[in-house]
Every structure is written in C-alpha cells, then in structure tokens.
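In my numbering, the protein residues as written are 8 to 230.
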Amino acid sequence: MMPDIKANIDAVKKEITRMCKHVGVAENQPRLVAVSKVQPIERVHAALDAGQRVFGENRVQEAEERWGALKPDYPDVELHLIGSLQTNKAANAVALFDVIQSVDRVKLAKALATEMDKQGKQIPIYLQVNTGREDQKGGVQAEDLEALLTECRTLGHNVVGLMCIPPAGDDPTLHFGLLKKFAKRHGLERLSMGMSGDYALAASMGATDVRVGTAIFGARDYS
Ligand SMILES: *Cc1c(COP(=O)(O)O)cnc(C)c1O
C-alpha cells in the first residue's frame with residue numbers, strides 16, 4: 008500500500024519545527040530535500056502533488072530516467088545529486104541537476120567545471136566530507152578539505168556548503184558537529200546533514216538541508 012506521502016512530509020516538517028523551536032533556532036529551519044531514489048514513481052508524484060519541490064537522487068542514470076521526463080512539467084523542481092559521481096557522468100549530471108552535493112575530489116571538480124563552462128551553467132556545489140573516514144564511502148578526508156576547497160574556488164565553482172553521511176551505528180552528533188566546525192572555518196553557509204533517523208538532531212545542530220527518504224516515502228524496495 009502506498010504510504011500517505013503528504014502526511015509524512017507534514018510530519019517531518021512539524022518535527023523539524025518542533026526541534027528548532029526547542030533549541031531556540033526556530034528562524035533557521037532547514038530545507039527538506041526529499042530523497043526519491045529507488046521509490047516508485049507514484050510516490051514521487053504524490054510528493055509533487057503535496058507541493059514538495061526539492062528532491063535528492065543518488066544515481067545519475069536513475070535520476071535521468073525519472074526526472075528527464077518529469078522536470079519539464081515541473082520547472083520549479085530543484086534536483087540535488089547526493090550520491091557519488093563518476094567523472095564520465097559529469098556532463099549528464101550538469102545537464103540534469105540544479106545542485107551537486109557530492110563533490111569530493113579535484114578530478115571531479117575539474118570535470119564539472121569543464122562541463123559547466125561547456126553548458127553555460129553555474130551549478131552550486133557542496134563538498135562531501137568523509138567525517139567517519141570510511142573506505143567504502145565517498146567524501147574528502149578532513150585534512151584534504153581545505154586544498155579541495157581552494158582548488159574548487161580557483162576553478163570558479165560556487166561552493167556553497169558541506170555535506171556528510173555519518174557511519175551507520177556512530178553517534179551522528181560528533182559528525183554533525185565536525186561538519187559545522189569545518190563550514191564555519193571556511194566561511195561556507197550550507198550544511199547538508201541528517202537523514203530519516205537523525206534529521207531532527209541535524210536540524211537542531213544547524214543543518215540547512217536535511218535529506219529525508221524513508222520517513223517520507225516508506226522503505227526502499229531494492230528487490
Ligand atoms: C538514501 C540517502 C538519504 C536518505 O536516507 P533515508 O534514511 O531513507 O532518509 C540521504 N542521504 C543520502 C546521501 C542518501 O544516499
């Protein structure tokens with residue numbers, strides 16, 4: 008059965024508001040990025056019908072298949088790439104996405120800059136930080152962040168913020184705190200942190216974007 012997507016979106020927003028009020032940052036509520044990866048298209052339509060306009064996808068090809076047809080009908084949709092990106096997909100990513108949250112290496116930053124030039128687009132980017140130092144995860148290591156940021160700025164990128172995905176099982180507080188510290192140090196305004204299990208915590212710690220999939224759309228069916 009299809010979950011009540013509108014009710015879920017409302018509940019997530021209400022919880023964000025409650026938490027932000029609770030810690031005294033009611034005026035700084037994060038934007039809700041609805042992570043629609045793997046979800047059936049009816050659920051995406053239900054979110055659109057509920058007025059949701061900011062979506063996150065983690066694979067370029069899947070996003071193209073889905074949003075290539077949908078986006079022209081919803082010109083106000085803002086699509087965020089939140090998954091790892093191969094340089095050979097940079098052209099496709101630049102063509103489709105409005106924000107790229109997962110820039111984590113110089114080679115990719117270069118490929119994206121070249122493509123943005125070619126396509127005459129300037130897409131805001133976030134640098135993904137591997138705060139948990141996990142081998143299997145994307146993200147720049149903390150000690151390499153400054154060099155990557157400098158390189159991105161030299162390339163002309165509009166670097167707006169940082170993104171992290173804390174290791175499963177870790178207390179996300181430490182990772183969110185670290186990301187916030189890095190952003191402050193480098194004068195970056197946006198902080199993309201918090202998923203279904205910890206978006207309220209992230210909101211209370213200064214997230215400007217929370218990326219929520221399951222709590223809105225229900226569990227993903229990978230079968
Ligand atoms: C899938 C995904 C999410 C959403 O996860 P949920 O736990 O379903 O909310 C958030 N961020 C990234 C980078 C993801 O890949």
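In this text, a Cβ means the ideal position worked out from N, Cα and C, and glycines have one as well.
Of the choices S91, L169, Q143, whose alpha-carbon is the least far from that of F183?
Stepping through the sequence shown from its first residue, residue 183 is reached at position 176. Comparing Cα-Cα distances from F183 to each of S91, L169, Q143, the minimum goes to L169.
Using a Cβ distance threshold of 8 Å, determine whether the segment 154–169 contacts the segment 184–203, with at least three qualifying pairs required.
yes
Have a look at R218, K191, M212 and flag the residue whose alpha-carbon is nearest the alpha-carbon of S203.
Looking up residue 203 in the sequence shown gives position 196. Out of R218, K191, M212, R218 has the C-alpha closest to the C-alpha of S203.
Could you tell me which residues DSSP pairs with D56 in its beta bridges?
By one-based count along the sequence shown, residue 56 stands at place 49. Per DSSP, none; premise fails for D56.
Three-state secondary structure (DSSP) of F189:
On the sequence shown, residue 189 is found 182 positions in, with the first residue counted as 1. Of the three classes helix, strand and coil, the one that applies to F189 here is helix, per DSSP.
R38 beta carbon less than 8 Å from that of V61:
To locate residue 61, count along the sequence shown from 1; it is residue 54. To locate residue 38, count along the sequence shown from 1; it is residue 31. Yes.
Buried or exposed: G63, going by 16 or more other Cβ atoms within 10 Å of its Cβ?
Counting from 1 along the sequence shown, the entry for residue 63 is found at position 56. Buried is the call here.
Beta-carbon proximity list for G139, same chain, < 7 Å, skipping 5 on both sides:
Along the sequence shown, read from residue 1 onward, the residue named residue 139 stands at position 132. Within the same chain, G139 has close Cβ partners P173, P174, D177, H182.
Can you tell me the Cα-Cα spacing of P47 and N95, whole angstroms?
The residue labelled residue 47 in the question sits at position 40 within the sequence shown. The residue labelled residue 95 in the question sits at position 88 within the sequence shown. Between P47 and N95, the C-alpha separation is close to 27 Å.
Can you list, in chain order, the residues of its chain whose CB lies under 8 Å from that of V40, leaving out five sequence neighbours each side?
Residue mapping note: residue 40 aligns to position 33 of the sequence shown, counting from 1. So the list reads V61, F62, G63, H87, I89, S199, D216, V217, R218, V219, once near-sequence residues are dropped.
Sort out for me which residues DSSP pairs V166 with in a bridge.
Taking the sequence shown and counting its residues from 1, one reaches residue 166 at position 159. The partner list for V166 (beta bridge, DSSP) reads I132.
Residue environment, Y206, which counts as buried when at least 16 other CB atoms sit within 10 Å:
Counted from its first residue, the sequence shown places residue 206 at position 199. It counts as buried.
So, are the CB atoms of F224 and S43 less than 8 Å apart?
Within the sequence shown, residue 224 is the residue found at index 217, counting from 1. Within the sequence shown, residue 43 is the residue found at index 36, counting from 1. Yes.
Note down, one range per segment and in chain order, each beta strand (DSSP E) of at least 3 residues found wholly within the segment 49–127.
61–64, 85–88, 106–110
With the cut-off set at 8 Å, would you say A210 and Q59 are in Cβ contact?
As a working mapping, residue 210 is identified with position 203 in the sequence shown. As a working mapping, residue 59 is identified with position 52 in the sequence shown. No, the pair does not count as a contact, with Cβ atoms beyond the cut-off.
Below 8 Å between beta carbons: does that hold for I132 and V101?
Indexing the sequence shown from 1 puts residue 132 at position 125. Indexing the sequence shown from 1 puts residue 101 at position 94. Contact: no.
For E122, which residues from the same chain have a beta carbon less than 6 Å from its beta carbon, with the 5 sequence-adjacent residues on both sides left out?
In the sequence shown, counting from the first residue as 1, residue 122 sits at position 115. So the list reads A97, A98, V101, once near-sequence residues are dropped.
Suppose you measure from the CA of V106 to the CA of H29; what does that come to, to the nearest Å?
On the sequence shown, position 99 is the one that residue 106 refers to. On the sequence shown, position 22 is the one that residue 29 refers to. When rounded, the distance between both Cα atoms is 30 Å.
Cα-Cα separation, I23 to A14
As a working mapping, residue 23 is identified with position 16 in the sequence shown. As a working mapping, residue 14 is identified with position 7 in the sequence shown. Their backbone Cα atoms lie some 14 Å apart in a straight line.
Expressed to the nearest angstrom, what Euclidean distance is found between the alpha-carbon atoms of E34 and C27?
Against the sequence shown, residue 34 aligns to sequence position 27. Against the sequence shown, residue 27 aligns to sequence position 20. Straight-line Cα distance between these residues: approximately 8 Å.
Could you check whether the Cβ of S43 sits closer than 7 Å to any heavy atom belonging to ligand 1?
As a working note, residue 43 is residue 36 in the sequence shown. Not under cutoff, so the answer is no.
With 16 other CB atoms within 10 Å as the buried threshold, where does G31 fall?
For the purposes of this step, residue 31 is identified with residue 24 of the sequence shown, where counting begins at 1. The residue in question, G31, is exposed, as its Cβ has fewer than 16 Cβ neighbours within 10 Å.
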